[in-house]
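Residue numbers (the working numbering): 2 to 208. Glycine residues also receive a C-beta, built at the ideal position from the N, C-alpha and C atoms. This one's a predicted model, so the numbers in the text were calculated from it and none came from an experiment.
Here is the structure:
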């Protein structure tokens, strides 16, 4: 299999971290330079008409896109360690936490960065700085929710590490790099402690 990724983009990082947590080997990483527009090349658009990464090319030639779909496929192929829930009830609660992290933290961070950071102007034509700034405020709302949740349990979805932690962590790291957002500096101490604990995991792979 081949996994099409882009350096420092948060969604591909979610998949590579998921793969690392599972200890999966043998998947070839193919880097697509999205700032140079390689995702719009004829060869890549033939694999994903929406011109987005990540994309997982299966051995039979089919291409699976969208981060969570790719992770679901890999979870099925490699059930252990389990990251998405065992049994319908745990799966539902982990998916709820993962979707909340994606919709109420990750999305706002991505929108804020894409509409305010000069380096990402090539990805958003045109950029809307006012929208980006308003999304930056919503990042704090999501961070406040997650900080409160982490006061009650050690991981995003409860008492064990799951895909929800990967989604939230990759979102925060993207914000740390491009938005200079540090939870502890804004009073989100539970979130900062959790971030630092997750950052020490071998799957993170970079500071």
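Provide the residue span of the beta strand (DSSP E) that contains residue 247, from first to last.
Residue 247 cannot be examined here, being either before or after the span of the chain that is shown, 2 to 208.
Does the beta-carbon distance from residue 94 to residue 150 come in below 9 Å?
no
Of all the beta strand (DSSP E) runs that stay within the bounds of the stretch 147-175, which reach a length of 3 or more residues?
none
Write down every uninterrupted run of the beta strand (DSSP E) in the stretch 63-120 whose length is 3 residues or greater and which is fully enclosed by it, in chain order.
64-66
According to the Cβ coordinates, are residue 65 and residue 76 closer than 9 Å?
no
Expressed to the nearest angstrom, what Euclidean distance is found between the alpha-carbon atoms of residue 57 and residue 86?
22 Å
Would you decide whether residue 97 is buried or exposed? Buried here means 16 or more other CB atoms lie within 10 Å of its CB.
exposed
Using three-state DSSP, classify residue 58 as helix, strand or coil.
strand
With a threshold of 16 other CB atoms inside 10 Å of the CB of residue 46, please say whether the residue is buried or exposed.
exposed
Indicate, with yes or no, if the ligand MG has a heavy atom lying under 8 Å from the CB of residue 205.
Among the components modelled here there is no ligand, and therefore nothing to report on the ligand MG.
Looking at C-beta atoms only, is the number of pairs between the stretch 158-176 and the stretch 106-119 that lie closer than 8 Å three or more?
yes
What are the boundary residues of the beta strand (DSSP E) that residue 4 is part of?
3-6
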